[in-house]
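Have a look at the structure below before the remarks.
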Amino acid sequence: MPNSEDVFDLIIVGGGIAGLTSAVRAAEIGLRPLLLEKGTGVEYPNNSRYSGGILHIGFHDPYRPPEELEQLIHKLTSGEAKPELAAALAKNGARLITWFQDKGGKFMRFNPQEGYRWCMAPPRALRAGNDWKERGPDLMLKRLVLALAELGGKIQYGARATNLIMEDGRCVGVRGVCDDQEMLWKAPFTVIADGGFQTNPLLYEKYIGSHFSSVFQRGGRTGYGDGINMVLEAGGVVNHSGNRFYGHILCSDAKHNDAVWPYPELDAIATAGLVIDANGQRIVDEGRSGVHLANELAAKAKTEKLFAIFDQDIWNGPGTSARIPANPLLERAGGTILRASSCEELAQLMSVPSDMLNLTVTAYNQALENSSLHLLPIKRSDLVKPLPINPSQIMAIQICPGITYTMAGIDIDQHAQVLDKTSMPIPGLFAAGAATGGLEGGSDSVYIGGLIKSGSFGLLAAERIAHLQGKAIHIQYPKRIGEEPAKLDNPLDARNDVSYGLERFPVLRNLIRFGKPIAIILGVFASLLTFSLLSASLGWLTPLIALGVGGLILVIILGVVELIVLITEFLIPD
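In terms of our numbering, the sequence shown opens at residue 44 and continues consecutively.
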């Protein structure tokens, strides 16, 4: 078995956002990383590249104070998330965004909601399908690849890791295959960052649910769980608190029409209305979240025929609310929507029992009107607002649960060190990203944020390895909302010359800051000038005209300032 002739300080398995972040961070600290990526070419597939590019913590701004974010994670997960992982993410999520900006990453805000403040730019276009090329996440990965090369790191494409090399209980390298040749790569540290196990039937049915065939793969379809299997063989364990997956509700046409996945997702429609099976009956609680609904549907034995039931008001309301909305994009992409003027007519189109469908819709509407949804045979929650369904404008879409990545994964500590059965770190072994567990999932299928989790623990893995190697680590934490800049952990490399946000555009910044007084001054000046020029010829009309001109100037300038504020809030979220 050939050995790699180069000498490396660490090996990273996987070239998604977690692996590349770890590799680049290690290289800039002064280590020499080798990244093994089983894909080929600069646009190798992975979930990071296919993602929407939103960096959030439970759909909240990562620049909130860490204490608030820790409490948020604890609340969302009902205390099921590991406290040390929640604290690490809360502390480092904002720093990851700043670090991405240092590497040339661009961000914009395409939605006024807080959770969408940090979107990698440019975002996906407003169309259905897998529109990822030259979008924010794709460009960020490419920038990191270039940064790694400039810093002296190395990427080995077409390399699939198969086993960890363990000596006296310590991980000292990786065995694998590259170009159909067995290889051995050695280094004192290894980082597992090859994603979840969503495409591995055995692991899925062991840790998530018994019906692997019921889920549609809506991600990069590269998560085989190689890293998890290697860690288990080395004495690591899987954290079971997150035995769920992150995913969405999709139109079942995705199984034969690539234009309708991974977007638009149908979460808002399905959670506002009903989900029924081939018998015309409800089978799950629709009212918690789209991610939770996808998990509950995937757990059912029979999912070959599921429908979201709604009406025209839901279609025109929640159906238009998503970033890439089902209304009108689903039909434009060839997705099938059934419309009818009665439950009986719709049941015939769906090939389900009409009496049962009518009974289900009627019972739901009555329970909603009487505030007794909790008394339905299957309790209906109201975390997502339930809406009535008008039978005269009733609609249906055949749906399926779509999976992006698994939330169960390798058990790690706050430094991204892999833990053994006694919760002690396995020397030389780290993990980051969707390969890890302990932060998301749980009984409520809680989604905290895939990209920000992956990148943050990628940073932490590299910095811990550098610390163990005796390297000086210099960290600057960004200013939080309502805080002064905090500099911790020997910030000797603070980049005081780097400007963010409107600091890069002093004219715009000052126009926004002083726009109102400028408008008032110019308005008064215009009034006085008009008065002086026209008073001799127009007499008593002059003051009225002067005030009108001054007021018009004031309104125009204030309007321009407000327009600039609106645009910069979206394009420059910081």
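Just so it is clear, CB atoms sit at the ideal spot from N, CA and C, and this is done for glycine as well.
In this text the structure is predicted, and so the values were computed from the model without any measurement.
(message) Could you compute how far the alpha carbon of N338 sits from the alpha carbon of A478?
(response) Residue numbering aside, residue 338 sits at position 295 when the sequence shown is read from its first letter. Residue numbering aside, residue 478 sits at position 435 when the sequence shown is read from its first letter. Spanning the alpha carbons of N338 and A478 requires a straight line of approximately 19 Å.
(request) Mark D211 as exposed unless 16 or more other C-beta atoms lie within 10 angstroms of its C-beta, in which case mark it buried. (result) Counting from one through the sequence shown, the residue named residue 211 turns up at place 168. It is exposed - the Cβ of D211 has fewer than 16 other Cβ atoms within 10 Å.
(request) Drop a sphere of 10 angstroms on the beta-carbon of R170, count the other beta-carbons inside from all chains shown, and report buried for 16 or more, exposed for fewer. (result) Locating residue 170 in the sequence shown gives position 127, where the first residue counts as 1. Exposed, since its Cβ has fewer than 16 Cβ neighbours within 10 Å.
(message) Looking only at its chain, what residues have a beta carbon closer than 6 Å to the beta carbon of K134, apart from the 5 residues adjacent to it on each side?
(response) Locating residue 134 in the sequence shown gives position 91, counting from the first residue. The beta carbon of K134 sits closer than 6 Å to the beta carbons of P109 from its chain, once the five residues preceding and following it are set aside; these are given in chain order.
(message) Taking its Cβ as the centre, do 16 or more other Cβ atoms sit within 10 Å of M450, making it buried, or is it exposed?
(response) Working through the sequence shown from its first residue, we reach residue 450 at position 407. With a threshold of 16 other beta carbon atoms within 10 Å, M450 meets it and is buried.
(message) Let me confirm a value: M151 is counted as buried when at least 16 other C-beta atoms fall within 10 Å, else exposed. Which label applies?
(response) Against the sequence shown, residue 151 aligns to sequence position 108. That one is buried.
(message) Check whether the stretch 321 to 329 and the stretch 461 to 468 are in contact - that is, three or more C-beta pairs closer than 8 Å.
(response) The stretch 321 to 329, when compared against the stretch 461 to 468, does not touch it at the 8 Å Cβ threshold.
(message) Please state the DSSP three-state secondary structure of N282.
(response) For the purposes of this step, residue 282 is identified with residue 239 of the sequence shown, where counting begins at 1. Strand at N282.
(request) Ignore the nearest five residues each way along the sequence and tell me which others in A277's own chain have a CB closer than 7 Å to its CB. (result) As a first step, residue 277 must be located in the sequence shown, where it is residue number 234. Taken in chain order, the residues that qualify are L207, M209, C214, I469 and L472.
(request) Could you tell me the distance, in whole angstroms, from the CA atom of S497 to the CA atom of L402? (result) Against the sequence shown, residue 497 aligns to sequence position 454. Against the sequence shown, residue 402 aligns to sequence position 359. Each residue's alpha carbon lies about 46 Å from the other.
(request) Using the Cα positions of P165 and E113, report the straight-line distance between them to the nearest angstrom. (result) Residue numbering aside, residue 165 sits at position 122 when the sequence shown is read from its first letter. Residue numbering aside, residue 113 sits at position 70 when the sequence shown is read from its first letter. Rounded to the nearest whole angstrom, the CA to CA distance from P165 to E113 is 30 Å.
(message) Please list the terminal residues of the continuous beta strand (DSSP E) segment that includes F473.
(response) Stepping through the sequence shown from its first residue, residue 473 is reached at position 430. Going by DSSP, F473 is part of the beta strand (DSSP E) stretching over P468 to A474.
(request) Give the range of the beta strand (DSSP E) segment to which V215 is assigned. (result) On the sequence shown, residue 215 is found 172 positions in, with the first residue counted as 1. For V215, the enclosing beta strand (DSSP E) covers residues R213 to C221.
(request) Since I believe L597 is in contact with I563 (beta carbons under 8 Å), could you give me their beta-carbon distance rounded to a whole number of angstroms? (result) By 1-based counting over the sequence shown, the position of residue 563 is 520. By 1-based counting over the sequence shown, the position of residue 597 is 554. Going by Cβ atoms, the distance from I563 to L597 rounds to 7 Å, so yes, they are a contact pair.
(request) Report the residue ranges of all alpha helix (DSSP H) runs contained in full by the stretch 64 to 89; include only those spanning at least 4 residues, in chain order. (result) List check, alpha helix (DSSP H) in window: nothing returned.
(request) Have a look at the DSSP bridge pairing and note the partners of W228. (result) Counting from 1 along the sequence shown, the entry for residue 228 is found at position 185. Under the DSSP definition of a beta bridge, W228 partners with V217.
(request) Report the rounded CA-to-CA distance for E329 versus L416, giving the unit in angstroms. (result) For the purposes of this step, residue 329 is identified with residue 286 of the sequence shown, where counting begins at 1. For the purposes of this step, residue 416 is identified with residue 373 of the sequence shown, where counting begins at 1. E329 and L416: Cα-Cα distance of roughly 11 Å.
(message) For G140, report the span of its alpha helix (DSSP H) as first-last.
(response) Counting from 1 along the sequence shown, the entry for residue 140 is found at position 97. Strictly speaking, residue 140 in this sequence is Ile, with Gly absent from that position. Counting along the chain, I140 sits inside the alpha helix (DSSP H) bounded by residues P126 to D145.
(request) Leaving aside the five residues before and after H510 along the sequence, list all residues of the same chain whose C-beta is less than 7 Å from its C-beta, in chain order. (result) Position 467 of the sequence shown, counting from 1, holds the residue named residue 510. The answer, listed in chain order, is I516.
(message) Which residue wins for smallest C-alpha separation from G219, given the options E111, G62, L78 and V85?
(response) Within the sequence shown, residue 219 is the residue found at index 176, counting from 1. Each of E111, G62, L78 and V85 was checked against the Cα of G219, and the nearest Cα belongs to L78.
(request) Could you spell out where the beta strand (DSSP E) holding T449 opens and where it closes? (result) Position 406 of the sequence shown, counted from the start, is the residue given in the question as residue 449. Taken as a continuous stretch (DSSP letters only), the beta strand (DSSP E) holding T449 covers I437 to T449.
(request) Output yes or no for whether 8 Å exceeds the beta carbon distance between A351 and V318. (result) For the purposes of this step, residue 351 is taken as residue 308 along the sequence shown, with counting starting at 1. For the purposes of this step, residue 318 is taken as residue 275 along the sequence shown, with counting starting at 1. Taking 8 Å as the cut-off, the Cβ atoms of A351 and V318 count as close.
(request) Look at the Cβ atom of G82, then the Cβ atom of N90, and state whether they are nearer than 8 Å. (result) Here residue 82 corresponds to residue number 39 of the sequence shown, with the count starting at 1. Here residue 90 corresponds to residue number 47 of the sequence shown, with the count starting at 1. Not closer than 8 Å, so no.
(request) Could you pull the start and end residues of the beta strand (DSSP E) that F548 belongs to? (result) Looking up residue 548 in the sequence shown gives position 505. Careful: F548 lies outside any beta strand (DSSP E) and carries neither H nor E.
(request) Mind checking who N206 pairs with in its DSSP beta bridge? (result) Mapped onto the sequence shown, residue 206 falls at position 163. For N206, the beta-bridge partners assigned by DSSP are R218.
(message) At the level of alpha carbons, what is the spacing between H310 and L373?
(response) Walking along the sequence shown from the start, residue 310 turns up at place 267. Walking along the sequence shown from the start, residue 373 turns up at place 330. Note that residue 310 corresponds to Asp in the displayed sequence, not to His. Spanning the two alpha carbons is a distance of roughly 13 Å.
(request) State buried or exposed for M163, treating a residue as buried only when at least 16 other CB atoms are found within 10 Å of its CB. (result) In the sequence shown, the residue the question calls residue 163 occupies position 120. With 16 or more other Cβ atoms inside 10 Å of its own Cβ, M163 counts as buried.
(request) Inspect the beta-carbon positions of A315 and L430 and report whether they are closer than 8 Å. (result) Taking the sequence shown and counting its residues from 1, one reaches residue 315 at position 272. Taking the sequence shown and counting its residues from 1, one reaches residue 430 at position 387. For A315 and L430, yes; Cβs fall inside 8 Å.
(request) Consult DSSP for K197 and reduce its assignment to one of helix, strand or coil. (result) Here residue 197 is taken as the residue at index 154 of the sequence shown, counted from 1. Strand, per DSSP.
(request) Compute the distance between the beta-carbons of I600 and I561, then report whether it is under 8 Å. (result) The sequence position of residue 600 within the sequence shown is 557, counting from 1. The sequence position of residue 561 within the sequence shown is 518, counting from 1. Between I600 and I561, the C-beta spacing is below 8 Å.
(message) According to DSSP, simplified to helix, strand and coil, what is F288?
(response) Along the sequence shown, one-based indexing puts residue 288 at 245. Reduced to three states, the DSSP call for F288 is strand.
(request) Could you check which residue in I442, A475, G591 and T447 has the C-alpha nearest to that of H458? (result) Start at 1 with the first residue of the sequence shown, and residue 458 comes out as number 415. Checked all of I442, A475, G591 and T447; the closest Cα to H458 is A475.
(request) Whole angstroms is fine: what's the gap from G58's alpha carbon to G333's? (result) Along the sequence shown, one-based indexing puts residue 58 at 15. Along the sequence shown, one-based indexing puts residue 333 at 290. Going by the C-alpha atoms only, they are around 28 Å apart.
(request) Within the same chain, show all residues whose beta-carbon is closer than 6 Å to that of P244, passing over the 5 residues directly before and after it, in chain order. (result) The residue labelled residue 244 in the question sits at position 201 within the sequence shown. Closer than 6 Å at Cβ, skipping near neighbours: F255.
(message) Given this structure, state the Cα-to-Cα distance separating G285 from F557, to the nearest angstrom.
(response) As a position in the sequence shown, residue 285 is number 242, starting the count at 1. As a position in the sequence shown, residue 557 is number 514, starting the count at 1. Taking the straight line from one Cα to the other gives about 50 Å.
(request) Evaluate the contact criterion for the stretch 182 to 191 versus the stretch 391 to 411: three or more CB pairs, one atom per stretch, below 8 Å. (result) Taking 8 Å as the limit for Cβ pairs, the verdict is that the stretch 391 to 411 does not touch the stretch 182 to 191.
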